[in-house]
Ligand SMILES: Cc1cc2nc3c(=O)[nH]c(=O)nc-3n(C[C@H](O)[C@H](O)[C@H](O)COP(=O)(O)O)c2cc1C
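Residue numbers (my numbering): 21 to 277.
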């Protein structure tokens with residue numbers, strides 16, 4: 021970091037195969053639209069790593085749900101317990117829990133929520149609930165049938181609020197959610213493996229089942245200015261998140277996991 025840029029990619033570079041497989045093409049017309057192709061890195065269930073591209077508009081274009089703005093947007097502390105009404109008892113439920121500082125992980129979570137809702141409109145088998153990490157409680161985890169956790173990587177780990185959620189809820193639900201399916205979405209500047217590994221380790225402790233590879237989105241933020249700027253994700257990346265949400269809802273609803 022001697023040149024003032026983050027060096028978050030150092031460890032991941034060793035994990036990335038020499039000929040990464042493109043997953044999506046960056047769109048044009050906004051910040052960070054250029055850059056190398058998306059990459060896949062190897063792991064037990066290999067994470068999908070997307071290079072984020074400029075979007076068609078800010079995440080504000082997505083439906084707002086009370087109490088889950090980014091830290092950048094919300095200003096003073098507020099009660100953010102709400103996050104989408106629980107679905108009727110007959111439906112299974114996907115719980116999407118997120119934290120975000122500058123909007124990337126929030127947009128990913130909202131897109132996944134949209135995808136899950138769309139799926140629910142079709143098969144009415146699994147509803148979805150979207151909650152900010154600080155609002156989520158142990159009983160919310162207990163009430164759900166599967167989970168999608170979306171967070172930024174900060175200092176090679178999960179962001180503090182996401183980690184605090186896991187710290188707060190870990191023991192209250194330990195032994196009570198075993199075998200339930202989960203997936204991860206990580207927003208990172210150029211790495212994301214550290215946060216993905218940390219979250220996977222926590223979920224392994226809960227004996228959750230990783231049913232989808234972690235979706236890691238790299239926003240290419242490296243300088244302090246880029247890192248602190250609000251993030252806008254491209255439609256290609258958001259589509260991947262919608263797919264993940266829809267896939268989780270479909271899988272939970274059909275009971276295949
Ligand atoms: C304090 C801090 C630490 C960060 N550490 C990392 C890191 O370890 N690895 C990385 O790839 N990106 C790192 N970043 C960049 C963010 O992960 C990136 O900007 C991401 O898009 C943030 O997601 P968000 O918009 O949901 O907050 C860091 C950003 C901040 C503010």
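Cβ coordinates follow ideal geometry from the N, Cα and C atoms, glycine included.
Since this is a predicted model, take the numbers as computed values, not measurements.
*What three-state label does DSSP hand residue 230 in the structure shown?*
strand
*asked:* Please classify residue 123 as buried or exposed, where buried requires at least 16 neighbouring CB atoms within 10 angstroms.
replied: buried
*With DSSP run on the structure shown, which of helix, strand or coil describes residue 111?*
The answer is coil: DSSP assigns residue 111 none of H, G, I, E or B.
*Might you give, ordered along the chain, the residues of its own chain that have their beta carbon closer than 8 Å to the beta carbon of residue 199, omitting 5 neighbours on each side?*
227, 228, 229
*Which residues in the same chain as residue 248 place their Cβ atom closer than 8 Å to its Cβ, once the five residues preceding and following it in sequence are excluded?*
122
*As assigned by DSSP and simplified to three states, the class of residue 136*: Correct three-state label for residue 136: helix.
*Relative to the alpha-carbon of residue 139, which residue among 111, 225, 204 has its alpha-carbon at the smallest distance?*
111
*Out of curiosity, what's the CA-to-CA distance linking residue 231 and residue 165?*
Their Cα atoms are separated by approximately 13 Å.
*Have a look at residue 157 and residue 193 and give me their C-alpha separation to the nearest angstrom.*
10 Å
*State whether the region 142-157 contacts the region 180-193, with contact taken as three or more CB pairs (one from each stretch) at a distance under 8 Å.*
Contact between the region 142-157 and the region 180-193 is present: 3 or more CB-CB pairs across the two stretches fall below 8 Å.
*asked:* Per the DSSP calculation, residue 172 is bridged to which residue(s)?
replied: Answer is 207, bridged to residue 172.
*Report the residue from 246, 225, 261, 162 whose alpha carbon sits nearest the alpha carbon of residue 196.*
162
*Could you check what DSSP says for residue 120 in three-state terms: helix, strand or coil?*
coil
*Can you list the alpha helix (DSSP H) stretches of 4 or more residues lying completely in the region 238-274, in chain order?*
244-248, 255-274
*State yes or no: is the C-beta of residue 177 nearer than 8 Å to some heavy atom of ligand 1?*
yes
*asked:* Nearer than 8 Å: is that true of the beta carbon of residue 159 relative to any heavy atom of ligand 1?
replied: no
*Go ahead and pull the three-state DSSP assignment for residue 277.*
For residue 277, the secondary structure class from DSSP, reduced to helix, strand or coil, is coil.
_6 Å CB neighbourhood of residue 170 in its chain, flanking five on each side removed_ = 118, 125, 128, 129, 205
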